[in-house]
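Numbering (my numbering), first residue to last: 42 to 413. Using N, Cα and C, we set each Cβ at its ideal position, and we do this for glycine too.
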Amino acid sequence: MRHHFLLNLAIAAFVVAAHAQAPAKKAKAPAAPAPTAGGDVVATVNGEAVYARQFDRDWSVLLAADQKTTPPQQMTAQWVQARKKLLLDQIIDRRLIMQEAKRREIAVPQKEIDQAVAQAKARFGRDANGKPRSAQDAEAAYRQGLASMNLTEKEFRENLKNDARGTLLTQQTLKKAKAPTEEQVRRLFSDVKAAMAKPDLPADANLAALTQYFRQQSAERVSVQHILVAVLDAATTGQIEAASKRAADLKAQLNKGASFGELAENSSDDKATAPDGGQVGYVLRGEVPDVDALLFALPVGGISDPVRTKRGFQIFRIQEKRAATDIRYPAARGYLAEQLARKAERDELAGFIGALKKAAKIEIKADFAKPS
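Right under this line is the structure:
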């Protein structure tokens, strides 16, 4: 694998951060925790400063990604502090790698930097509403993005080169990781099999994740369609009775031969599955305790009566059943070997960064990252 990935990541970070720092025309979503300013320098790495504006740029990218997956109520002050500490650690690690790559004079073809700059400019070809910009306006937006981050194009090119150097050195380091032996893979398979036979997950996080994965792969399952007649938590008795009657009417139509998929598409209150005829997908044994016994008792093609659940009244249809299977080594070997290889790479990189840190002089200046 070449270093295009990190160049693309650096480009994306620049574009997202540049847009994030541009004046907003409209207020958006609930306000997330503000980036850290905290002075001119948040840390020094071997005398090289990590400036607050650089940290804030990366923080805006991370925060934008977090907002897509993290509920707002979870984004507390403690959560923000922990995320910022993690980000600063990653920035320091990245800076150490780039310093070492520069010391080793790892070369990056100028052609690749030129292509990366061209890609960055292309990202400004549309405005925030997706409307195409003229070439002149796109160039102006690109220049404004650089200015908003206090970067010249020369500095941006140098940043791209340093990122690419760092990726090349990272890749060289990962290649030093030893491939797992057959004995190691078989031992891990035995450990997973033993863990699967116990009700609780093992304490080791890696083994727990593998155990959970293979439990899901081997579990008994049914493929399910459903029709939902939604009932709100604050529904009145009359509303609940009306929902019950509507569900009964839908079941009566099914009893008379109506297509389950068409009825789900036209009548289900589950807007996520209705367009696909109520397709829920596979449900594993024990995954939905409230209706587990019902789902696994129905035959293939069987349709349930309306069932009162937390969501309202649901009608289920079983499309397919698959019995539980035993995990066998030939089928599991590839996945287990891949996981061992990835762990070996993580350990190799962690050891490399650890050695760089041990020899480095690192000073933390940001208040949020200082020991309490």
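Asked	Found
Give the C-beta separation of Gly318 and Gln266 to the nearest angstrom, bearing in mind that I take them to be a contact with Cβ-Cβ under 8 Å.	6 Å
Give the C-beta separation of Ile403 and Ile133 to the nearest angstrom, bearing in mind that I take them to be a contact with Cβ-Cβ under 8 Å.	6 Å
Mind checking which residues open and close the beta strand (DSSP E) that includes Gly353?	Gly353 to Arg363
At a threshold of 7 Å, does Gly166 count as lining the ligand GDP (C-beta to nearest heavy atom)?	Among the ligands in the structure shown, none appear at all, so the ligand GDP cannot be discussed.
Extract the residue ranges of the alpha helix (DSSP H) inside the segment 141-165, only unbroken runs of 4 or more that lie entirely within it.	151-163
What are the start and end residues of each continuous beta strand (DSSP E) run of 3 or more residues lying completely inside the segment 222-257, in chain order?	none
Within the continuous alpha helix (DSSP H) that includes Leu104, where are the two ends?	Ala93 to Thr110
List the whole-angstrom C-beta distance separating Glu361 from Val341, where the pair is believed to meet the contact cut-off of C-beta under 8 Å.	6 Å
Could you pull the DSSP bridge partners for Gly322 from this structure?	Val265
What residues match up with Arg349 in a beta bridge as DSSP calls it?	Phe354
Note down, in chain order, each residue of its chain lying with its Cβ closer than 8 Å to the Cβ of Tyr370, except the 5 sequence neighbours on either side.	Arg227 and Phe230
With distance defined between alpha-carbon atoms, name the residue in Thr211, Asp232, Ala275 and Ala305 nearest to Leu390.	Thr211
Judging by CA-CA distance, which residue of Arg363, Asp241, Lys406 and Ala250 is the nearest neighbour of Gln380?	Ala250
If you check the beta carbons only, do Ser25 and Ala365 fall under 8 Å apart?	Within the shown structure, residues of the chain are numbered from 42 to 413, placing residue 25 beyond reach of any answer.
Can you tell which of Arg136, Glu141, Lys109 and Leu104 has the C-alpha that lies nearest to the C-alpha of Ala123?	Leu104
Say whether chain B places a C-beta atom closer than 8 Å to the C-beta of Lys286.	Any reference to chain B falls outside this structure, which holds one protein chain only.
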